[in-house]
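Visitor:
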Amino acid sequence: MAYIELNNDRPGIGGLLAYRPDTARPLGELAEVLLRGPSDLSRGERELIATHVSELNSCNFCASSHAAFAAAQLPADHVRSAKLNALLDIAAAVAESGRAVTPELVAKAKEEGASDLEVHDTVLIAAAFCMLNRYVDGLGTWAPEDPAVYATMAQHFVKGGYAGMV
């Protein structure tokens, strides 16, 4: 049960976005650009970054949903590259503090082939998900326990995107 009356029974961020459609629009547009817009990283890789940060922040709803979204967009035999692992290290640093991102972390990602755009996008996705995780958990939203719910959500978002989340 959310800490405030949302007047809907949607889980996680969906309930919050339905409660405040005026804030839903820009948040949906931001998610659309970060996770589906032009990037050197695949959509699935960007979803993995969102998942990783959400797991580090112990946000069950966001970690579960974005893990399903990543799985729906990555090949079944996907193996994380050294470059993606280095970017995930940067994302983990952002989850700790923006100041935890060091020149050494960035240099390691670049050594593994990451572009400046990929480093930028990783930091922005991680920072945005820190905010979104705190939004979801700070208002006590609920998260479904059934993984099938997240798989169904994934099909919707993979097809339709984030811009029209409400």
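The sequence shown begins at 5 in my numbering and counts up by one.
A virtual CB, placed ideally from N, CA and C, is assigned to each residue, including glycine.
Leaving aside the five residues before and after L10 along the sequence, list all residues of the same chain whose C-beta is less than 6 Å from its C-beta, in chain order.
Guide: Contacts found: G19, Y23.
Visitor: Tell whether a beta-carbon distance below 9 Å holds between R47 and V162.
Guide: In this structure, V162 lies closer than 9 Å to R47 by Cβ.
Visitor: Is H160 buried or exposed, if buried means 16 or more other CB atoms sit within 10 Å of its CB?
Guide: It is exposed - the Cβ of H160 has fewer than 16 other Cβ atoms within 10 Å.
Visitor: Evaluate contact between the stretch 98-113 and the stretch 121-130, counting only Cβ atoms and requiring at least three cross-stretch pairs below 8 Å.
Guide: With a cut-off of 8 Å, the stretch 121-130 and the stretch 98-113 count as touching, because enough Cβ pairs lie within range.
Visitor: Compare the C-alpha of Q77 against each of A113, R40, N89, A86 and name the closest.
Guide: It is R40.
Visitor: Using the Cα positions of G164 and L38, report the straight-line distance between them to the nearest angstrom.
Guide: The alpha-carbon atoms of G164 and L38 are separated by roughly 15 Å.
Visitor: Would you kindly report the start and end of the unbroken alpha helix (DSSP H) that includes H160?
Guide: It spans 151-164 - the alpha helix (DSSP H) in which H160 sits, taken as one unbroken run.
Visitor: What's the C-alpha gap between S58 and D81?
Guide: About 23 Å.
Visitor: Return the chain-ordered ranges of every beta strand (DSSP E) run that is complete within the stretch 89-131 and spans a minimum of 3 residues.
Guide: Counting only runs of 3 or more, we get nothing.
Visitor: Just how far apart, CA to CA, sit V105 and A90?
Guide: Taking the straight line joining both Cα atoms gives about 12 Å.
Visitor: Check the C-beta distance from S69 over to G16 and give it rounded, since I have them as a contact under 8 Å.
Guide: Yes, S69 and G16 are in contact; Cβ-Cβ is about 7 Å, under 8 Å.
Visitor: Return yes when the Cβ of L92 is within less than 9 Å of the Cβ of R84, no when it is not.
Guide: Contact flag set, yes.
Visitor: If you run the structure through DSSP and keep just helix, strand and coil, what is L45?
Guide: Three-state result, L45: coil.
Visitor: Check whether the Cβ atoms of A54 and K87 lie closer than 9 Å to each other.
Guide: No; because the gap between Cβ atoms is not below 9 Å, this pair is not in contact.
Visitor: Output needed for E175: all residues of its chain with C-beta closer than 6 Å, excluding positions within five of it in sequence on either side, in chain order.
Guide: What is shown of the chain runs 5 to 170, which leaves residue 175 out entirely.
Visitor: Output needed for V140: all residues of its chain with C-beta closer than 8 Å, excluding positions within five of it in sequence on either side, in chain order.
Guide: Once the five neighbours on either side are set aside, the close Cβ partners of V140 are G16, I17, L20, C63, F65, C66.
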